[in-house]
Amino acid sequence: MRSILCFGDSNTWGYIPGTAGRYPFEQRWPGILQQKLGTSFRVIEEGLNGRTTVWEDPFQPGRKGTAALPMLLETHKPLDLVVIMLGTNDLKPYHNVSAEDIARGVGVLGEMVQTSQTGPDGHPPQLLIIAPPVVSELGGEMKAYFPGAVEKSAEFAEYYEDTAEELKAHYLDAAEFAAADPSEGVHLNQEAHQNLGHAVADKISAIFAGEKVTAESSQNVPVERVPIASVNHIGIRVKDRDRSVAFYKLLGFSVERDGFEAGHPVVMKHDSGVTLNLLGPTTVAEDKNILMDVKEKYAGITHMALTVKSLPVTRKFMEDHDILITGSFSFGNMSAIFIRDPDRNVIELDSYD
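Under the numbering used here, the first residue of the sequence shown is numbered 1321, with each subsequent residue one higher.
Written out as C-alpha coordinates, the structure reads:
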(Lines of atoms letter the chains of each structure in order from A and count residues from 1; the text may use other names and numbers.)
(Lines give C-alpha, C1' and ligand atoms only; values in the text may rest on other atoms or scores of the structure.)
Protein backbone atom coordinates (compact mmCIF):
# COMPACT_ATOMS: atom_id res chain seq x y z
CA MET A 1 0.00 0.00 0.00
CA ARG A 2 1.30 3.43 -0.94
CA SER A 3 0.99 6.32 1.53
CA ILE A 4 0.26 9.85 0.34
CA LEU A 5 0.42 12.94 2.55
CA CYS A 6 -1.75 15.90 1.48
CA PHE A 7 -0.31 19.02 3.11
CA GLY A 8 -2.44 22.12 2.71
CA ASP A 9 -4.66 24.82 4.13
CA SER A 10 -8.44 25.31 4.48
CA ASN A 11 -9.06 24.08 0.94
CA THR A 12 -7.50 20.77 1.97
CA TRP A 13 -9.23 20.86 5.36
CA GLY A 14 -12.59 21.21 3.59
CA TYR A 15 -13.82 24.68 4.63
CA ILE A 16 -17.39 25.23 3.42
CA PRO A 17 -17.61 28.66 1.73
CA GLY A 18 -19.42 31.25 3.81
CA THR A 19 -20.13 28.99 6.79
CA ALA A 20 -16.83 28.05 8.49
CA GLY A 21 -18.21 24.49 8.54
CA ARG A 22 -16.36 21.49 7.15
CA TYR A 23 -17.33 19.15 4.34
CA PRO A 24 -17.46 15.44 5.27
CA PHE A 25 -14.38 13.43 4.36
CA GLU A 26 -16.02 11.82 1.35
CA GLN A 27 -16.80 15.28 -0.11
CA ARG A 28 -13.35 16.81 0.45
CA TRP A 29 -10.82 16.44 -2.36
CA PRO A 30 -8.49 14.17 -0.33
CA GLY A 31 -11.48 11.92 0.41
CA ILE A 32 -12.43 11.84 -3.25
CA LEU A 33 -8.80 11.12 -4.04
CA GLN A 34 -8.93 8.14 -1.66
CA GLN A 35 -12.12 6.83 -3.30
CA LYS A 36 -10.67 7.17 -6.78
CA LEU A 37 -7.28 5.59 -6.00
CA GLY A 38 -8.78 2.67 -4.10
CA THR A 39 -7.48 0.44 -1.36
CA SER A 40 -3.93 0.16 -2.69
CA PHE A 41 -3.34 3.75 -1.52
CA ARG A 42 -3.68 5.43 1.88
CA VAL A 43 -4.43 9.16 1.70
CA ILE A 44 -3.42 11.17 4.78
CA GLU A 45 -5.11 14.57 5.21
CA GLU A 46 -3.12 17.34 6.85
CA GLY A 47 -5.04 20.52 6.09
CA LEU A 48 -5.13 23.49 8.49
CA ASN A 49 -7.14 26.68 8.19
CA GLY A 50 -4.85 29.69 7.74
CA ARG A 51 -1.70 27.66 7.05
CA THR A 52 1.04 29.54 5.14
CA THR A 53 4.22 28.36 3.49
CA VAL A 54 7.05 30.00 5.49
CA TRP A 55 5.48 33.11 7.05
CA GLU A 56 4.32 33.35 10.65
CA ASP A 57 0.80 34.74 10.96
CA PRO A 58 0.76 37.39 13.74
CA PHE A 59 -2.95 36.82 14.38
CA GLN A 60 -3.03 33.01 14.12
CA PRO A 61 0.11 31.51 15.70
CA GLY A 62 1.18 28.03 14.64
CA ARG A 63 0.16 28.33 11.01
CA LYS A 64 3.63 28.36 9.41
CA GLY A 65 4.05 25.36 7.13
CA THR A 66 7.78 25.00 7.69
CA ALA A 67 7.15 24.50 11.41
CA ALA A 68 4.63 21.68 10.90
CA LEU A 69 5.93 19.74 7.90
CA PRO A 70 9.04 18.07 9.41
CA MET A 71 6.98 16.69 12.31
CA LEU A 72 4.28 15.39 9.96
CA LEU A 73 6.82 13.72 7.69
CA GLU A 74 8.22 11.86 10.69
CA THR A 75 4.75 11.06 12.05
CA HIS A 76 3.47 9.45 8.88
CA LYS A 77 6.61 7.89 7.41
CA PRO A 78 7.26 5.95 5.27
CA LEU A 79 5.57 8.13 2.66
CA ASP A 80 5.56 7.40 -1.05
CA LEU A 81 4.38 10.88 -2.09
CA VAL A 82 3.86 14.28 -0.48
CA VAL A 83 1.33 16.62 -2.09
CA ILE A 84 1.71 20.32 -1.24
CA MET A 85 -1.03 22.82 -2.07
CA LEU A 86 -0.31 26.00 -0.13
CA GLY A 87 0.06 29.71 -0.75
CA THR A 88 -3.42 31.23 -0.62
CA ASN A 89 -3.00 32.50 2.95
CA ASP A 90 0.36 34.01 2.02
CA LEU A 91 -1.71 36.49 -0.03
CA LYS A 92 -2.98 38.24 3.11
CA PRO A 93 -1.83 41.86 3.03
CA TYR A 94 0.22 41.85 6.22
CA HIS A 95 2.62 39.29 4.71
CA ASN A 96 3.28 41.73 1.84
CA VAL A 97 4.88 39.17 -0.49
CA SER A 98 4.69 38.55 -4.23
CA ALA A 99 3.45 35.46 -6.04
CA GLU A 100 7.09 34.68 -6.85
CA ASP A 101 8.03 34.84 -3.16
CA ILE A 102 5.10 32.58 -2.28
CA ALA A 103 6.29 30.03 -4.84
CA ARG A 104 9.76 30.24 -3.29
CA GLY A 105 8.13 29.44 0.06
CA VAL A 106 6.62 26.33 -1.50
CA GLY A 107 10.11 25.52 -2.75
CA VAL A 108 11.44 25.61 0.81
CA LEU A 109 8.77 23.09 1.84
CA GLY A 110 9.60 20.96 -1.18
CA GLU A 111 13.27 20.89 -0.24
CA MET A 112 12.29 19.72 3.24
CA VAL A 113 10.52 16.76 1.65
CA GLN A 114 13.33 15.98 -0.76
CA THR A 115 16.08 16.14 1.87
CA SER A 116 14.18 14.02 4.37
CA GLN A 117 14.55 10.30 4.93
CA THR A 118 10.83 9.73 5.33
CA GLY A 119 10.15 7.74 2.18
CA PRO A 120 10.49 3.99 1.56
CA ASP A 121 13.80 2.50 2.73
CA GLY A 122 14.95 5.83 4.15
CA HIS A 123 14.82 7.63 0.81
CA PRO A 124 12.86 10.89 0.35
CA PRO A 125 9.23 10.65 -0.83
CA GLN A 126 8.24 11.84 -4.26
CA LEU A 127 6.85 15.38 -4.40
CA LEU A 128 3.78 16.80 -6.13
CA ILE A 129 3.41 20.59 -6.07
CA ILE A 130 -0.08 21.93 -6.79
CA ALA A 131 -0.61 25.59 -7.62
CA PRO A 132 -3.72 26.60 -5.63
CA PRO A 133 -6.94 27.70 -7.33
CA VAL A 134 -6.87 31.39 -8.17
CA VAL A 135 -8.75 33.83 -5.97
CA SER A 136 -11.79 35.17 -7.81
CA GLU A 137 -14.01 38.18 -7.12
CA LEU A 138 -14.12 38.53 -3.35
CA GLY A 139 -17.32 38.54 -1.35
CA GLY A 140 -18.31 38.72 2.31
CA GLU A 141 -15.57 38.77 4.92
CA MET A 142 -13.00 37.57 2.37
CA LYS A 143 -12.81 41.15 1.03
CA ALA A 144 -11.09 42.20 4.26
CA TYR A 145 -8.76 39.19 4.40
CA PHE A 146 -7.51 39.14 0.81
CA PRO A 147 -7.34 42.59 -0.82
CA GLY A 148 -5.20 42.45 -3.94
CA ALA A 149 -5.17 38.65 -3.94
CA VAL A 150 -6.99 38.23 -7.25
CA GLU A 151 -4.14 39.67 -9.31
CA LYS A 152 -1.35 37.94 -7.36
CA SER A 153 -2.99 34.50 -7.40
CA ALA A 154 -3.32 34.71 -11.18
CA GLU A 155 0.49 34.46 -11.27
CA PHE A 156 0.65 31.30 -9.16
CA ALA A 157 0.73 28.82 -12.04
CA GLU A 158 3.76 30.40 -13.71
CA TYR A 159 5.92 30.60 -10.60
CA TYR A 160 4.81 27.30 -9.07
CA GLU A 161 5.63 25.46 -12.28
CA ASP A 162 9.07 27.07 -12.27
CA THR A 163 9.57 25.91 -8.67
CA ALA A 164 8.50 22.37 -9.54
CA GLU A 165 10.93 22.30 -12.47
CA GLU A 166 13.79 23.52 -10.27
CA LEU A 167 13.08 20.74 -7.76
CA LYS A 168 12.38 18.17 -10.49
CA ALA A 169 9.05 17.60 -8.76
CA HIS A 170 5.68 16.68 -10.22
CA TYR A 171 3.34 19.60 -10.90
CA LEU A 172 -0.39 20.28 -11.25
CA ASP A 173 -2.31 23.54 -11.66
CA ALA A 174 -5.50 23.28 -9.59
CA ALA A 175 -7.01 26.23 -11.45
CA GLU A 176 -7.34 24.06 -14.56
CA PHE A 177 -9.84 21.87 -12.74
CA ALA A 178 -11.35 23.80 -9.82
CA ALA A 179 -12.52 27.37 -9.19
CA ALA A 180 -13.25 29.18 -5.93
CA ASP A 181 -16.89 29.48 -4.97
CA PRO A 182 -18.28 32.70 -6.50
CA SER A 183 -20.01 33.68 -3.25
CA GLU A 184 -16.69 34.58 -1.57
CA GLY A 185 -13.89 33.87 -4.03
CA VAL A 186 -11.42 31.86 -1.93
CA HIS A 187 -12.75 28.47 -0.87
CA LEU A 188 -13.81 25.49 -2.97
CA ASN A 189 -17.40 24.33 -3.16
CA GLN A 190 -18.40 20.69 -3.35
CA GLU A 191 -18.22 20.53 -7.15
CA ALA A 192 -14.72 22.00 -7.13
CA HIS A 193 -13.57 19.47 -4.51
CA GLN A 194 -14.96 16.70 -6.71
CA ASN A 195 -13.16 17.97 -9.80
CA LEU A 196 -9.88 18.53 -7.99
CA GLY A 197 -9.99 15.13 -6.29
CA HIS A 198 -10.39 13.40 -9.64
CA ALA A 199 -7.65 15.48 -11.27
CA VAL A 200 -5.17 14.74 -8.48
CA ALA A 201 -6.09 11.04 -8.63
CA ASP A 202 -5.38 10.98 -12.36
CA LYS A 203 -2.04 12.71 -11.77
CA ILE A 204 -1.00 10.34 -9.00
CA SER A 205 -2.05 7.31 -11.02
CA ALA A 206 0.19 8.57 -13.82
CA ILE A 207 3.08 9.17 -11.39
CA PHE A 208 3.09 5.58 -10.21
CA ALA A 209 1.99 3.92 -13.45
CA GLY A 210 5.51 3.61 -14.83
CA GLU A 211 7.16 2.23 -11.69
CA LYS A 212 8.35 -1.35 -11.77
CA VAL A 213 7.45 -3.58 -8.86
CA THR A 214 10.54 -5.40 -7.64
CA ALA A 215 11.06 -8.03 -4.99
CA GLU A 216 12.95 -5.44 -2.96
CA SER A 217 10.18 -2.83 -3.12
CA SER A 218 7.62 -5.53 -2.27
CA GLN A 219 9.56 -6.62 0.80
CA ASN A 220 10.67 -9.80 -1.02
CA VAL A 221 7.10 -11.02 -1.49
CA PRO A 222 6.70 -12.55 -4.98
CA VAL A 223 4.36 -10.54 -7.21
CA GLU A 224 1.89 -13.05 -8.62
CA ARG A 225 -0.72 -10.71 -10.12
CA VAL A 226 -1.40 -7.05 -10.84
CA PRO A 227 -3.09 -5.45 -7.78
CA ILE A 228 -6.12 -4.08 -9.63
CA ALA A 229 -8.48 -2.26 -7.26
CA SER A 230 -11.36 -1.37 -9.58
CA VAL A 231 -12.36 -0.35 -13.10
CA ASN A 232 -11.18 3.25 -13.51
CA HIS A 233 -13.12 4.27 -16.62
CA ILE A 234 -14.42 3.15 -20.00
CA GLY A 235 -13.04 4.95 -23.05
CA ILE A 236 -15.29 5.44 -26.08
CA ARG A 237 -14.31 7.16 -29.32
CA VAL A 238 -17.18 9.31 -30.60
CA LYS A 239 -17.98 11.01 -33.88
CA ASP A 240 -20.08 13.91 -32.56
CA ARG A 241 -19.31 15.20 -29.06
CA ASP A 242 -22.64 16.94 -28.49
CA ARG A 243 -24.67 13.99 -29.74
CA SER A 244 -22.88 11.51 -27.48
CA VAL A 245 -22.92 13.78 -24.42
CA ALA A 246 -26.67 14.26 -24.83
CA PHE A 247 -27.21 10.49 -25.11
CA TYR A 248 -25.22 9.63 -21.99
CA LYS A 249 -26.79 12.49 -20.05
CA LEU A 250 -30.11 10.85 -20.86
CA LEU A 251 -28.80 7.67 -19.20
CA GLY A 252 -27.94 9.65 -16.06
CA PHE A 253 -24.29 10.56 -16.63
CA SER A 254 -23.03 14.09 -15.98
CA VAL A 255 -20.01 15.91 -17.39
CA GLU A 256 -17.15 16.27 -14.92
CA ARG A 257 -14.46 17.64 -17.23
CA ASP A 258 -14.49 18.60 -20.88
CA GLY A 259 -11.26 18.96 -22.82
CA PHE A 260 -12.61 17.64 -26.13
CA GLU A 261 -11.64 20.68 -28.19
CA ALA A 262 -8.08 20.49 -26.85
CA GLY A 263 -7.74 16.79 -27.68
CA HIS A 264 -8.64 15.53 -24.19
CA PRO A 265 -11.64 13.37 -23.28
CA VAL A 266 -15.04 14.45 -22.04
CA VAL A 267 -15.17 12.78 -18.62
CA MET A 268 -18.70 11.73 -17.65
CA LYS A 269 -19.66 10.05 -14.40
CA HIS A 270 -22.79 8.27 -13.16
CA ASP A 271 -23.92 8.27 -9.52
CA SER A 272 -23.28 4.52 -9.51
CA GLY A 273 -19.55 5.22 -9.91
CA VAL A 274 -19.23 4.33 -13.61
CA THR A 275 -16.95 6.78 -15.43
CA LEU A 276 -16.78 7.27 -19.21
CA ASN A 277 -14.10 9.02 -21.23
CA LEU A 278 -15.49 10.22 -24.56
CA LEU A 279 -12.61 10.53 -27.02
CA GLY A 280 -12.55 11.89 -30.50
CA PRO A 281 -13.42 12.85 -32.97
CA THR A 282 -13.44 9.91 -35.38
CA THR A 283 -11.77 10.20 -38.77
CA VAL A 284 -14.46 8.37 -40.78
CA ALA A 285 -17.84 9.68 -41.82
CA GLU A 286 -20.02 6.60 -41.43
CA ASP A 287 -21.59 5.35 -38.21
CA LYS A 288 -20.38 1.76 -38.02
CA ASN A 289 -19.12 -0.40 -35.16
CA ILE A 290 -16.13 -2.22 -36.66
CA LEU A 291 -16.44 -5.02 -34.11
CA MET A 292 -20.20 -5.65 -34.38
CA ASP A 293 -21.45 -4.37 -37.75
CA VAL A 294 -19.11 -5.99 -40.29
CA LYS A 295 -18.91 -9.55 -41.58
CA GLU A 296 -15.30 -10.01 -40.51
CA LYS A 297 -14.85 -10.66 -36.80
CA TYR A 298 -12.08 -8.53 -35.31
CA ALA A 299 -10.61 -9.02 -31.85
CA GLY A 300 -11.47 -6.32 -29.33
CA ILE A 301 -13.87 -5.23 -26.61
CA THR A 302 -17.37 -5.78 -27.98
CA HIS A 303 -19.59 -4.07 -25.40
CA MET A 304 -19.99 -2.77 -21.88
CA ALA A 305 -22.49 -4.30 -19.47
CA LEU A 306 -24.21 -2.25 -16.78
CA THR A 307 -26.36 -3.65 -13.98
CA VAL A 308 -29.75 -1.97 -13.50
CA LYS A 309 -32.07 -2.26 -10.52
CA SER A 310 -35.18 -3.00 -12.59
CA LEU A 311 -35.24 -4.23 -16.17
CA PRO A 312 -38.96 -3.45 -16.74
CA VAL A 313 -38.41 0.16 -15.62
CA THR A 314 -35.30 0.39 -17.83
CA ARG A 315 -37.18 -1.04 -20.82
CA LYS A 316 -40.01 1.49 -20.29
CA PHE A 317 -37.45 4.33 -20.11
CA MET A 318 -35.94 3.30 -23.43
CA GLU A 319 -39.34 3.14 -25.08
CA ASP A 320 -40.37 6.54 -23.67
CA HIS A 321 -37.18 8.13 -25.04
CA ASP A 322 -37.20 6.38 -28.43
CA ILE A 323 -34.01 4.45 -27.74
CA LEU A 324 -34.13 1.29 -29.81
CA ILE A 325 -33.77 -2.01 -27.91
CA THR A 326 -31.72 -4.13 -30.31
CA GLY A 327 -31.91 -7.44 -28.47
CA SER A 328 -32.64 -9.29 -25.24
CA PHE A 329 -31.93 -12.57 -23.50
CA SER A 330 -32.32 -14.42 -20.20
CA PHE A 331 -30.01 -16.90 -18.53
CA GLY A 332 -30.64 -18.35 -15.09
CA ASN A 333 -31.60 -15.48 -12.78
CA MET A 334 -30.26 -12.81 -15.15
CA SER A 335 -32.18 -10.95 -17.85
CA ALA A 336 -30.72 -8.38 -20.21
CA ILE A 337 -31.55 -5.96 -23.00
CA PHE A 338 -29.19 -4.36 -25.52
CA ILE A 339 -29.10 -0.81 -26.88
CA ARG A 340 -26.64 1.14 -29.05
CA ASP A 341 -25.21 4.57 -28.39
CA PRO A 342 -25.02 7.15 -31.23
CA ASP A 343 -21.74 5.63 -32.45
CA ARG A 344 -23.21 2.11 -32.56
CA ASN A 345 -21.37 0.94 -29.44
CA VAL A 346 -23.25 -1.88 -27.73
CA ILE A 347 -24.52 -1.38 -24.16
CA GLU A 348 -25.87 -4.40 -22.28
CA LEU A 349 -28.24 -3.65 -19.39
CA ASP A 350 -28.54 -6.55 -16.92
CA SER A 351 -30.91 -7.27 -14.06
CA TYR A 352 -30.80 -10.14 -11.58
CA ASP A 353 -33.85 -11.71 -9.90
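Don't be surprised by glycine CBs; every beta carbon is placed ideally from N, CA and C.
Report the three-state DSSP secondary structure of R1348 (helix, strand or coil). coil
Spell out the partners DSSP gives Y1672 in its beta bridges. M1654
Is it the case that the region 1421 to 1430 contacts the region 1382 to 1398, given that we only count it when at least three CB pairs across the two stretches are under 8 Å? yes
Buried or exposed: which applies to S1473, given that a residue is buried once 16 or more other Cβ atoms fall within 10 Å of its Cβ? buried
Please state if the CB of Y1479 and the CB of E1420 are separated by a distance shorter than 8 Å. yes
Ranges of the alpha helix (DSSP H) found wholly within the region 1387 to 1434, counting only runs of at least 4: 1419 to 1434
Apart from the five residues just before and just after G1647, which ones in its own chain have a Cβ nearer than 8 Å to its Cβ? I1657 and F1658
Can you look up D1607 in the DSSP assignment and give me helix, strand or coil? coil
Helix, strand or coil for A1451? Go by DSSP, reduced to three states. strand
Drop a sphere of 10 angstroms on the beta-carbon of N1331, count the other beta-carbons inside from all chains shown, and report buried for 16 or more, exposed for fewer. buried
Only counting the same chain, and skipping five residues up and downstream in sequence, which positions put a Cβ closer than 7 Å to that of G1459? S1503, E1504 and G1505
Leaving aside the five residues before and after S1630 along the sequence, list all residues of the same chain whose C-beta is less than 8 Å from its C-beta, in chain order. S1671
Segment limits, beta strand (DSSP E) that includes D1578: S1574 to D1578
From L1399, L1353 and E1394, residue whose alpha carbon lies closest to that of L1325: L1399
Under 8 Å, do A1521 and K1356 count as touching if we go by C-beta distance? yes
Just to confirm the assignment: which complete beta strand (DSSP E) runs, minimum length 3, are found wholly within the region 1442 to 1498? 1446 to 1451 and 1490 to 1493
Whole-angstrom Cβ separation of V1666 and M1612, contact assumed at under 8 Å? 6 Å
I'd like to check one pair, G1555 with N1597: are the Cβ atoms closer than 8 Å? yes
Selection from K1559, L1570, V1604 and G1600 that minimises the alpha carbon distance to H1584: G1600
Leaving aside the five residues before and after R1322 along the sequence, list all residues of the same chain whose C-beta is less than 6 Å from its C-beta, in chain order. F1361 and D1400
List the residues that DSSP assigns as beta-bridge partners of V1614. BP columns for V1614 are empty, so no partner.
For P1445 and S1499, believed in contact at Cβ under 8 Å, the rounded distance: Here residue 1499 is Ala; the residue named in the question, Ser, does not match the sequence. Not really, about 29 Å apart at Cβ, beyond 8 Å.
Can V1575 and V1586 be called in contact, C-beta distance under 8 Å? yes
I1286 and V1403 look like a contact to me (Cβ under 8 Å); what is the Cβ gap, rounded to whole Å? Residue coverage of the chain in this structure runs from 1321 to 1673, which leaves residue 1286 outside it and unanswerable.
Rounded C-alpha distance that separates A1489 from N1409: 22 Å
How about A1469 and A1495: do their beta carbons lie closer than 8 Å? no
Endpoints, the alpha helix (DSSP H) within which F1361 is located: Segment F1361 to G1367 is the beta strand (DSSP E) holding F1361; no alpha helix (DSSP H) there.
Buried or exposed by the 16-neighbour rule on C-beta atoms within 10 Å, applied to V1614: exposed
Is DSSP giving N1509 helix, strand or coil here? coil
Rounded C-alpha distance that separates N1416 from A1566: 49 Å
For A1519, I'd like the list of residues in its chain whose CB is within less than 6 Å of its CB, leaving aside the five on either flank, ordered along the chain. F1497
Taking D1501 as the reference, which of D1329, P1337, D1673 and E1668 has the closest Cα? P1337
Are the CB atoms of E1668 and H1623 within a distance shorter than 8 Å? yes
Sequence-distant residues of its chain with Cβ nearer than 6 Å to W1676 (five each side left out): Since the first residue shown for the chain is 1321 and the last is 1673, residue 1676 is missing from the structure and cannot be characterised.
What residue from V1363, N1369 and T1483 has the CA that sits closest to R1342's CA? N1369
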